[in-house]
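2 protein chains.
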Amino acid sequence: MAEIIDGKAIAQLVRQKLAEQVEVLKTKSIVPGLTVIIVGDDPASQIYVRNKERAAQKVGIAHQTIRLAADVTEASLLTIIKKLNQDDQVDAILVQSPLPNHLNEQLVQETISPEKDVDGFNPINIGKLYANRHEYYPVANTPKGVMTLLMAHHVPLRGKLAVVVGRSILVGKPMLSLLEAANASVALLHRYTPDDLRRSLLKQADIVIVGTGIPGLVVGDDLKSGATVIDVGINRLSDGQLVGDVDFASAQAVAGAITPVPGGVGPMTIATLLQTTVELAAQHHQIELADKWQII
Amino acid sequence: MAEIIDGKAIAQLVRQKLAEQVEVLKTKSIVPGLTVIIVGDDPASQIYVRNKERAAQKVGIAHQTIRLAADVTEASLLTIIKKLNQDDQVDAILVQSPLPNHLNEQLVQETISPEKDVDGFNPINIGKLYANRHEYYPVANTPKGVMTLLMAHHVPLRGKLAVVVGRSILVGKPMLSLLEAANASVALLHRYTPDDLRRSLLKQADIVIVGTGIPGLVVGDDLKSGATVIDVGINRLSDGQLVGDVDFASAQAVAGAITPVPGGVGPMTIATLLQTTVELAAQHHQIELADKWQII
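Here the protein sequences come in this chain order: A and B.
Here the first sequence is numbered in full-length UniProt numbering, starting from 1 and rising by one per residue.
Here the second sequence is numbered in full-length UniProt numbering, starting from 1 and rising by one per residue.
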């Protein structure tokens, strides 16, 4: 039976470590500042933003939420972002997705200064990650949180085969880059990958990362014995049950270690967002913090 | 026996097509302008720059070479680049590698405006490629030229397995992104990939791209029958012979199609540089040219 990778417990360790780092920054009169912009009143987004607020407060980050009407003009939104870019109290800016259709999400994201781009969505930060630059830059928090899970479980990466299923620019692609930067051999599969090719590659993989939105896409029979399996999917079934993209029961019997859904990758995302906020604040004030991806 | 992918002939077709496009631009009073900056007097670079000059002239591109002394200061070099960024006659800027050690190559490359970054080395252009943005941006010319070779030979990519050996930001990584954007399933291998894993993945690959600088790294036995093999390596052996990273004789017996060295990828790089120059000029003047990667 696979070891369970407990995202909740590891996220708790991350938050503890962050609270300590925030204390150190306070002795230098620095309070990391995160500003979240939310447009409209999508209930799921409202809950998510409130959770971010509460989590930020707990570790001592100054959190500000800017709530805008659903019909805000693009020009007004961009003006607000540009002011935040200039605001010395703001270290990190996040615009909550999804945005109403009349707003160009790409343009909105790119207006955020790369130095305050806490989601790591700006192409310049994506490019630096892909090039594996030896400098600090923000990286998308979900895959960055997955790296923390792998590090916390001391999963060997160098030379190993990591197969990433799903190629979104929020999860799959930055995940691939982070694994490659850790010297794993990497493969990226997606909707056009035939089933037999996906299965054959998964069977060889030491590390499997799945983020597709397809419940149960990966089953135990697909896996190599002892593989580490990270399930980024969160799907709500018609009976209300929350499941991942991996069939947990069958996978657990074959894998060496596996994340549950819920309680695996999910809890890491907000903790890692706070981590990136603290890192951006430290960067902004030119203070050396812990190594990249080595929060715990 | 594998079909030979004749880079010289395909580069010739590209140049013909470019000469036609340049004619069309001239009817609108536009002459694409490429400026190459060369620092010092490295003989190999001098030859390479002269070849670029001659090739540019032949297709009707206005070519300018700026020759700087080996001891030019970084500040002077950056000032020259900034002036070129502002110069409306200059559509494309290239700084010839390698630079003397006292110059920060990364900083120099990033000072080139992303809109004139004919090598596609600026992180913002790398990020756009990785994100597969639906807009025009320059891409590193060697992997872009490889895509032209694959297109010219109608090599199926969608759903196929493409294995890229070598992860440089000039070749391997943009190659991976271009193949993935064409809906291939992709794997990236490198110096930390164990031999047995490399061989096992190569054996499954429909498309193999090798750019490592290791002569004969890939041999016929490594390949799947009928695979398309693209050899980006150029190595000079002690006896003066030029060879690639693939053992041509044994690979040719197994592959379906293969590039020779010399005469495969090599001739495409300058032709593709000129292609990117014309594309940047068209982009600059907001003129619609051919589809991305579809020059011939």
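Built from N, CA and C at the ideal position, the CB exists for glycine as well.
Computed from a predicted structure; not experimentally measured.
Taking GLY159 (chain A) as the centre and dropping the five residues before and after it, the same chain places the C-beta of ASN183, ALA184 and SER185 closer than 8 angstroms to its C-beta, in chain order. Out of A:THR142, A:SER97 and A:ILE81, the CA that lies nearest to the CA of PRO114 (chain A) is found in A:ILE81. Sequence-distant Cβ neighbours of LEU176 (chain B) in its own chain, meaning closer than 6 angstroms and more than five residues away, are VAL164, VAL186 and LEU188.
For ASP195 (chain A), the enclosing alpha helix (DSSP H) covers residues 195–204. Here the alpha carbon of ILE10 (chain B) sits roughly 53 angstroms from the alpha carbon of ASP42 (chain A).
Taking a beta-carbon distance threshold of 7 angstroms, VAL186 (chain A) counts as an interface residue toward chain B. With the rule of 3 Cβ pairs closer than 8 angstroms, the segment 84–98 of chain B counts as touching the segment 43–63 of chain B. Not flagged as an interface residue toward chain B: TYR48 (chain A), since no C-beta distance is shorter than 7 angstroms. In the three-state scheme derived from DSSP, where H, G and I count as helix and E and B as strand, ARG67 (chain A) is classed as strand. For ALA281 (chain B), DSSP assigns no beta-bridge partner whatsoever. As a beta-bridge residue in DSSP terms, THR35 (chain A) pairs with A:GLN64 and A:ILE93.
The straight-line gap separating the alpha-carbon atoms of ALA205 (chain B) and LEU150 (chain B) is approximately 15 angstroms.
Look at the beta carbons and you see the segment 237–257 of chain B touching the segment 219–226 of chain B: at least three pairs across the two are nearer than 8 angstroms.
By the criterion of a C-beta distance shorter than 6 angstroms, PRO32 (chain A) is surrounded in its chain by ILE61, ASP91, THR277, VAL278 and ALA281, once the five residues flanking it on both sides are discounted. Excluding its 5 nearest sequence neighbours in each direction, GLY220 (chain A) has C-beta neighbours in its own chain below 6 angstroms: SER250, ALA251, ALA253 and VAL254, listed in chain order. Closer than 7 angstroms to the CB of GLY159 (chain B) there is at least one CB belonging to chain A.
Only residues of its own chain outside the window of five on either side were considered, and among them PHE121 have a CB closer than 6 angstroms to the CB of GLN109 (chain A), listed in chain order. Between MET268 (chain B) and THR148 (chain B), the beta carbon gap of about 6 angstroms places them in contact (Cβ cut-off 8 angstroms). About 36 angstroms separates the Cβ atoms of PRO123 (chain A) and LYS203 (chain B), ruling out a contact at the 8 angstroms cut-off.
Contact annotation, VAL118 (chain A) with PRO138 (chain A): C-beta distance approximately 6 angstroms; criterion of less than 8 angstroms satisfied. Annotation for ILE124 (chain B): no beta strand (DSSP E) segment contains it, though the alpha helix (DSSP H) segment containing it runs 123–130. Setting aside the 5 residues that flank it on each side, LEU18 (chain B) is surrounded in the same chain by VAL59, LEU274, GLN275 and VAL278, each with a C-beta closer than 7 angstroms to its C-beta; the list follows chain order.
Residue state for SER238 (chain B) is assigned as coil, using DSSP reduced to three classes. At a cut-off of 7 angstroms between beta-carbon atoms, PRO114 (chain A) makes no contact with chain B.
The Cβ of ASN85 (chain A) sits no closer than 7 angstroms to any Cβ of chain B.
The Cβ atoms of VAL39 (chain A) and ILE295 (chain A) lie no closer than 7 angstroms to each other. With fewer than 16 other beta carbons inside 10 angstroms of its own, ALA70 (chain A) counts as exposed.
Closest in alpha carbon position to ASN132 (chain B), among A:GLU20, A:ASN104, A:ILE169 and A:GLU135, is A:ILE169. Contact between LYS173 (chain B) and TYR136 (chain A) does not hold, since their C-beta atoms are separated by about 20 angstroms, which reaches or exceeds 8 angstroms. Rounded to the nearest whole angstrom, the CA to CA distance from LEU77 (chain B) to ASP196 (chain A) is 53 angstroms. For VAL14 (chain B), the uninterrupted alpha helix (DSSP H) run begins and ends at 7–27, by DSSP.
Counting C-beta atoms within 10 angstroms of its own C-beta, HIS190 (chain A) has 16 or more neighbours from the protein chains shown and is therefore classed as buried. Annotation: the continuous beta strand (DSSP E) that includes SER185 (chain B) extends over 185–189.
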